[in-house]
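Let me begin by presenting the structure, written as structure tokens, before commenting on it.
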Amino acid sequence: HTPSFHHSSFMSGKRKLVVLFGANGYVGRAIAKEFVRRGTVELTAISRSGVPPPNEEGKNGKSSSSSWTDKIKWVAADSTKPDTYAEHLQGASCIVTSIGVLPFGISKEDCYKGNADTNIIPAKTAQKVHGLNRFVAVGASLGVAGALVPGAKPYIEGKMAVENFAKNEFVRDGNNEHTNARSNDSNSNSNSASPPTTPPLAVVVKPGGVSGTKRVGENLNLPLWMLMDPVTMVMKRLGKFGMENSPVRVERVAKAVVNAALSDDEARFSSGGYVEISNEELLTNPKYDF
């Protein structure tokens, strides 16, 4: 299987390359837009269709020259099948995953895989095959989900599996590779410069309900914020419990993800390890204001 491409004015350069899985989704689209807004990276967006969101295209399916989607390389691939996208991970500085399915109308197994495997397999492939050492995933704040959402168990378990992979396997295996690389470099007699190695970093961004304007189809905008923002105002007054379970704007989630993917000036990111960005931080950190 040879992945297909859809792009018009994407240009190669010497900027950092970031690979985003799930860019056609509600949250993923906001993340892609934020990367483009920053203008400091090359972005490859991987999805099943490999084409920009339909509402962002012009007549006859042709992208508008002014569209932000033209600044992205779109690749058609299956996140659970590395052979369909592995070549596009070469040279990337970070992999971002924003893939998930709700526990409605699907089997428990498909729900689990749709939240776990779809995020874990790309990150594992990027690290094992290409030595990539920065992984950012969109997870979820799961405080009251189990009590309020019928059949939520496989959804919760899938999200937790991504956290456990990031916290344990990605960071642990990356640390082993980092240590070996440093050892090999110090024992080398070669005068040639070796590529720098960085400690592994895994970041899971954990929003509650995600508020904003959701595009459905080509012409329908759902103003979720009209219902969810008033809830946020009330929940924020309920202390820790409210902060961790309150809806948060999709723009704030996107800014947090992009900041984690690109930032080298925050100690918690530059020193490597596992970092969780809580719903409370998403609501209150001024870096995520929009």
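Its first residue numbered 326, the sequence shown is counted upward by one per residue in the numbering used here.
For every residue, glycine included, the Cβ atom is placed at its ideal position computed from N, Cα and C.
Note that the structure is a prediction, hence the values are computed from the model and not measured.
Simplified DSSP assignment, three categories, for residue i
i, result
"Leu368", "strand"
"Glu601", "strand"
"Thr405", "coil"
"Phe460", "strand"
"Arg373", "coil"
"Val487", "helix"
"Tyr545", "The residue asked about is misnamed: residue 545 is Leu in this sequence, not Tyr. Strand, per DSSP."
"Ser513", "Legend: pLDDT at Ser513 = 47, less than 50; position of this residue unreliable, value from coordinates given subsequently. Ser513 falls in the coil class under three-state DSSP."
Counted within 10 angstroms of its Cβ, other Cβ atoms place residue i as buried (16 or more) or exposed
i, result
"Phe490", "buried"
"Glu434", "exposed"
"Lys387", "Annotation note: pLDDT 47 at Lys387 (below 50); position unreliable, no value reported."
"Gly416", "exposed"
"Glu367", "buried"
"Val541", "exposed"
"Ser432", "exposed"
"Phe320", "Residue coverage of the chain in this structure runs from 326 to 615, which leaves residue 320 outside it and unanswerable."
"Arg354", "buried"
"Glu359", "buried"
"Tyr613", "buried"
"Glu591", "exposed"
"Lys406", "exposed"
Enclosing alpha helix (DSSP H) for residue i [first to last residue]
i, result
"Thr450", "442-455"
"Leu630", "Residue 630 lies beyond the range of the chain shown here (326 to 615); nothing can be said about it."
"Phe346", "From DSSP, Phe346 is part of no alpha helix (DSSP H) but of the beta strand (DSSP E) over 341-346."
"Lys358", "351-363"
"Val578", "575-587"
"Glu591", "Note, Glu591: premise wrong, no alpha helix (DSSP H); not H, not E."
"Phe566", "564-570"
Element boundaries [beta strand (DSSP E), containing residue i]
i, result
"Ile397", "397-401"
"Lys492", "Unbroken run through Lys492: none, as it is neither H nor E."
"Lys526", "Note that residue 526 is Leu in the sequence shown here, rather than Lys. 526-530 is the span of the beta strand (DSSP E), which, as asked, contains Leu526."
"Val541", "538-541"
"Val474", "Val474 -> no beta strand (DSSP E), and no H or E assigned at all."
"Thr422", "419-422"
Identity of the residue in the options nearest residue i by Cα
i, options, result
"Thr325", "Lys433, Thr394, Thr609, Thr450", "In the structure as shown, the chain begins at 326 and stops at 615. Residue 325 is therefore absent and cannot be evaluated."
"Ala465", "Asn458, Asp395, Ile481", "Ile481"
"Tyr599", "Val530, Val344, Arg362", "Val530"
"Asp554", "Asn570, Leu545, Gly456", "Asn570"
"Ala527", "Arg497, Val461, Leu587", "Val461"
"Val454", "Asp498, Lys438, Gly468", "Asp498"
"Phe566", "Leu467, Pro378, Asp395, Asp589", "Leu467"
"Pro611", "Arg577, Lys398, Gly597, Arg593", "Arg577"
"Glu543", "Val400, Lys492, Ala592, Pro378", "Pro378"
Residue j beta carbon less than 8 Å from that of residue i
i, j, result
"Pro428", "Cys436", "yes"
"Asn444", "Val426", "no"
"Glu605", "Met568", "yes"
"Pro525", "Asn584", "no"
"Ser404", "Ile446", "yes"
"Gly350", "Ser423", "yes"
"Ile371", "Ala411", "no"
"Ser603", "Arg574", "no"
"Leu607", "Pro532", "yes"
C-beta neighbour in chain D for residue i, strict 8 Å
i, result
"Ile481", "The structure shown has no chain D; it contains just one protein chain."
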